[in-house]
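Notes to accompany the following structure.
In the numbering used here, the protein residues as written are 120 to 229.
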């Protein structure tokens, strides 16, 4: 069972690193601010979450409680959506051309 847990830790570390790599690549290569928001909020949250989950599992295998990693994970999952919302709202308020138009089929008449 110990070897299976070590393999799980390795898989979590590799998948977390892969998600973090995709997030940083997307942040650097995507065009506008709204496309760039997906990198830090979606993929990097999964990447850091995978690495922290691997760290918690590894420390549990060693018999050490891992409250610190749990708190970091909770803080990350609470703050990432809020920061993305605030960045998107700031982008919309600073540049009116970024605002979406009315839905198709509506002339704007009430």
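All residues carry an ideal CB built from backbone N, CA and C; glycine is no exception.
Here the structure is a predicted model, which is why all the values come from computation and not from measurement.
Report the option in 196, 162, 131, 147 whose CA atom is closest to the CA atom of residue 174. It is 131.
Within this structure, are the beta carbons of residue 217 and residue 211 separated by less than 7 Å? The answer is yes: Cβ separation under 7 Å.
Identity of the residue in 179, 125, 198 nearest residue 161 by Cα: Ranked by Cα distance from residue 161, the options 179, 125, 198 are led by 198.
Complete alpha helix (DSSP H) runs within the stretch 180-226 (minimum length 4 residues, chain order): Within the stretch 180-226, the complete alpha helix (DSSP H) runs of at least 4 residues are 186-213.
Environment of residue 123 [buried if 16+ CB atoms lie within 10 Å]: With fewer than 16 other Cβ atoms from the protein chains shown falling within 10 Å of its own Cβ, residue 123 counts as exposed.
Give the C-beta separation of residue 166 and residue 139 to the nearest angstrom, bearing in mind that I take them to be a contact with Cβ-Cβ under 8 Å. Correct: roughly 3 Å between the Cβ atoms.
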